Every structure is written in C-alpha cells, then in structure tokens.
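> The sequence shown begins at 1 in UniProt numbering and counts up by one.
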Amino acid sequence: MAMHSVIITSNDEKETGDQVMDRIRNAINAKEEGLKIDKIRKARDRKVILGCRTEEEINKVKKRLKQAGKDLNVSDIKNKDPLVILRDVMQYNKDEEIIKAIRTQNKQLFKEITEKEDRMEIKYRKRTRNPHTSHIMMRVSPQIWNRLIEAEVIHIDLQRVRVMDQSPLVQCSRCLEYGHSKRICTETTDVCSHCGGPHLKTECADWLSGAIPECRNCNKANHDRKDHNAFSSDCPVRRKWEVLARSTVAYC
C-alpha cells in the first residue's frame with residue numbers, strides 16, 4: 001500500500017530542521033489527538049516529510065497543521081506509478097514499437113482500462129549477456145501494472161516476453177549507497193561491493209580468493225550480519241530502503 005505523504009516547510013528561514021520537526025510535533029499533538037503517523041523524517045533545506053497509511057489520516061494531519069498557523073507550509077507528494085521489467089527483448093525493437101506491440105498483441109490486458117489509467121512509458125534499457133537483447137524498464141499505471149504482473153508473459157513481435165515487478169530503489173554502483181545513481185555521485189573512488197575497500201569487485205583480493213563478503217552498508221549501520229554482498233537482496237539495510245522506496249509508489 002502506498003503511503004500518503006506531505007512535505008512540510010517553515011516560512012522562518014532561521015529555523016533548523018529540528019525546530020521545524022518540534023513545531024510539527026506540537027501542532028499535530030498525535031498522542032492526544034489519536035493520530036497515526038507512519039513516517040516522518042527530515043529532508044534537505046529544512047524540509048520534513050510526513051506520511052500516513054490512509055488518506056483519511058493524512059487529511060486529519062493536514063487539518064491540524066493548518067490550524068497551527070500560516071508559518072508552516074504543507075504540500076502533497078504525488079505517488080509514482082510502478083515499474084515493470086520486460087526481460088530479454090530483442091534490440092531491434094524501438095521504444096514506440098514495443099509500446100504499440102504491447103497494445104495490439106495483448107489486447108486482453110487493456111479491457112475496461114480507461115483513458116486516464118492508460119499510461120505506459122519506457123524509462124531505459126539494461127544490457128544483457130546477449131548483445132542482441134536488452135531488459136526494458138517501463139513505468140506504467142497501477143491498473144496496467146497489476147494486469148502485467150498477473151499475466152507474467154506478454155507477446156512482443158515474434159517473442160513471448162517475461163514481465164516482472166521492478167524495484168523503484170536506486171543504489172549507486174560507485175559508493176554503494178541509496179537514493180542516487182553513479183551518474184550524480186559526489187564520490188570519486190569506487191567502493192568494492194564484496195569487501196567495502198577502495199577498489200572494484202573484480203580487483204578485490206578477498207573476492208578472487210573466495211573469502212566471505214562483508215557488506216559496507218551493514219558495517220556502517222553496525223549490523224551483526226554483514227556476510228553478504230552490498231547488492232544482495234538479503235541485505236538488512238537494503239530491505240529498509242526498499243520499504244521506503246516502495247512507500248512512494250501507488251500499486252493499486
């Protein structure tokens with residue numbers, strides 16, 4: 001279930017993020033009002049992001065913040081459409097041809113889909129081991145996402161193509177942290193996903209010798225269990241970030 005979230009800022013530029021957080025806490029008075037806040041965190045530029053599981057609950061919060069005065073600005077965060085991955089699609093297919101083929105060769109998926117719900121956009125392609133194919137990352141409406149995931153396989157030109165859910169989480173392949181890609185990373189040195197050292201995994205002596213991996217992110221978070229690669233889906237830090245990333249996506 002997607003989180004219903006708002007961004008809260010203060011008109012007073014002298015206030016710190018902590019001071020804004022205190023004002024929000026006092027304005028909402030969750031303990032006395034019985035409100036259920038599922039997410040609250042400080043962001044850049046003294047902004048605070050707050051989220052609730054239901055639209056009803058977030059509306060109550062917005063009402064309380066509005067009653068607190070004009071110094072706090074509240075704006076809604078629109079949830080994103082979900083992602084799917086189309087696996088091993090032949091490279092000769094252009095983006096517009098793929099979209100057209102999905103519509104014309106899989107008409108059953110679009111029955112009773114309204115014009116408002118009919119959204120498909122190819123975001124990027126990912127190389128595969130086969131130079132003639134690529135994985136297609138596509139953002140679609142929640143209704144189309146549900147039908148594609150349920151179908152599992154669709155037809156594109158002369159292929160039967162597997163469709164899978166794609167995580168919205170972005171992990172940097174340089175510093176291994178979350179929320180940004182290598183393209184905008186401010187670090188200048190690659191970090192090994194196997195041992196956390198200042199080198200690529202392919203140059204890692206521990207990896208080449210078959211030594212047990214040690215996750216850099218779990219090391220920094222002081223987790224007891226670190227015996228996995230930093231890109232592992234079993235990583236506790238990754239799982240935490242995965243929940244946060246998916247909370248901003250509307251799946252229904």
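Glycine is no exception: its CB is placed at the ideal position from the N, C-alpha and C atoms. Keep in mind it's a predicted model, so treat the numbers as computed, not measured.
For Thr-133, is the classification buried or exposed, using 16 other Cβ atoms within 10 angstroms of its Cβ as the cut-off for buried?
Buried, because 16 or more other Cβ atoms sit within 10 Å of the Cβ of Thr-133.
> Classify Ile-212 as buried or exposed, calling it buried when 16 or more other Cβ atoms lie within 10 Å of its own Cβ.
Looking at its Cβ environment, which holds fewer than 16 other Cβ atoms inside 10 Å, Ile-212 is exposed.
> Got a sec? Which residues, its chain only, sit under 6 Å from Phe-231 by beta carbon, not counting five neighbours each side?
Ser-193, listed in sequence order.
> Could you name each continuous alpha helix (DSSP H) segment of 4 residues or more that falls completely within the region 194-225, going from the start of the chain to the end?
Here the runs fully enclosed are 205-209, 216-220.
> Could you pull out every unbroken alpha helix (DSSP H) segment of at least 4 residues lying fully inside the region 113-196, listed in chain order?
Counting whole runs of 4 or more residues, the region 113-196 contains the alpha helix (DSSP H) stretches 142-151.
> Which residues mark the beginning and the end of the beta strand (DSSP E) in which Asp-76 is found?
Unbroken beta strand (DSSP E) run through Asp-76: 72-77.
> Please work out which residues of its chain come closer than 6 Å, Cβ to Cβ, to His-199, disregarding the five sequence neighbours upstream and downstream, and give them in chain order.
Cβ within range, chain order: Cys-192.
> If you drop the 5 nearest sequence neighbours on each side, which residues of the same chain put their C-beta closer than 8 Å to that of Thr-248?
If we look at Thr-248 and ignore the five residues flanking it on each side, its Cβ neighbours are Ala-2, Met-3, Ser-5, Ile-77, Asn-79, Lys-80, Pro-168.
> Note down the Cα distance separating Glu-56 from Gly-34, rounded to an integer number of angstroms.
Spanning the two alpha carbons is a distance of roughly 13 Å.
> Does the Cβ of Lys-63 have 16 or more other Cβ atoms within 10 Å, making it buried, or fewer, making it exposed?
Lys-63 is exposed by the Cβ-count criterion.
> Within the same chain, show all residues whose beta-carbon is closer than 7 Å to that of Gln-91, passing over the 5 residues directly before and after it, in chain order.
Correct list, in chain order: His-132, Thr-133, Ser-134.
> In the DSSP assignment, the beta strand (DSSP E) including Lys-39 goes from what residue to what residue?
39-42 is the extent of the beta strand (DSSP E) around Lys-39.
> Just to confirm, are Cys-215 and Lys-226 a CB contact at a threshold of 7 Å?
For Cys-215 and Lys-226, yes; Cβs fall inside 7 Å.
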